[in-house]
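Participant: After the structure tokens below, expect a handful of questions from me.
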Amino acid sequence: MRTLILPLLLVWLPFLCWSQGQIFGSWQGKMSTPRGNYIFNLDLQPGKSGRGYIRGVAIHDRNGEKQVIELEGYFYGDQSLYLADVADPLEKVQQGNTFSRLQFLCKYEGGEMILSGHWQEYEDLRKYRRGRLLLHRKKTKA
Numbered sequence: 007m008r009t010l011i012l013p014l015l016l017v018w019l020p021f022l023c024w025s026q027g028q029i030f031g032s033w034q035g036k037m038s039t040p041r042g043n044y045i046f047n048l049d050l051q052p053g054k055s056g057r058g059y060i061r062g063v064a065i066h067d068r069n070g071e072k073q074v075i076e077l078e079g080y081f082y083g084d085q086s087l088y089l090a091d092v093a094d095p096l097e098k099v100q101q102g103n104t105f106s107r108l109q110f111l112c113k114y115e116g117g118e119m120i121l122s123g124h125w126q127e128y129e130d131l132r133k134y135r136r137g138r139l140l141l142h143r144k145k146t147k148a
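Residue numbers (the working numbering): 7 to 148.
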């Protein structure tokens, strides 16, 4: 049994590193909420502290108001991604602001990687709004 573990790890490790590199860049898609659908943009880049650490910026336009959220989180070995607002949640709530959390699974549709998941926007430490996110890699002009 031990003789099989090392070869399997050696085969699996490059795939994990390759897929982590695939999530960096710009993503765009739809944020679905009970109040409507909005265009959602997410830019991801590697973080500075450790492997799997990710930083990002989310931008969406809700009811004519542009919202920018700085995020940080982790990309896990099971191809899931967790991001949370950089700011301290307790401090934001005390100031009357909201804080956000995003969770994704990396999936493939038609040979293209997509990020499928949900977002949560907390108004206080117990109440939150929730919606679905479906993001595709943003097309760049070459």
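Backbone N, C-alpha and C define an ideal beta-carbon position, used for all residues, glycine too.
Identify every residue that forms a DSSP beta bridge with K72.
Facilitator: DSSP, once it has assigned bridges, lists D67 as partnering K72.
Participant: Roughly how many whole angstroms lie between the Cα atoms of K98 and W33?
Facilitator: K98 and W33: Cα-Cα distance of roughly 26 Å.
Participant: What does the alpha-carbon distance come out to for the pair C112 and F30?
Facilitator: In a straight line, the C-alpha of C112 is about 12 Å away from that of F30.
Participant: Out of G58, T39 and E129, state which residue places its alpha-carbon closest to the alpha-carbon of Y82.
Facilitator: It is G58 whose Cα lies nearest to the Cα of Y82.
Participant: Which runs of the alpha helix (DSSP H) at least 4 residues long sit entirely within the region 75 to 109? Give them in chain order.
Facilitator: Complete alpha helix (DSSP H) runs here, min 4: 95 to 100.
Participant: May I ask which residues mark the beginning and end of the beta strand (DSSP E) holding K127?
Facilitator: Sequence check: residue 127 is Glu here, not Lys. From DSSP, the beta strand (DSSP E) with E127 extends over E118 to Y128.
Participant: Taking just the CA atoms, how far does K133 sit from Q109?
Facilitator: So the alpha carbons of these two residues sit roughly 18 Å apart.
Participant: Considering only their Cβ atoms, is the gap separating N43 from I65 smaller than 7 Å?
Facilitator: No; because the gap between Cβ atoms is not below 7 Å, this pair is not in contact.
Participant: Is the CB-CB distance between T154 and E71 below 7 Å?
Facilitator: For the chain, the structure presents residues 7 to 148; residue 154 sits outside this window and is missing.
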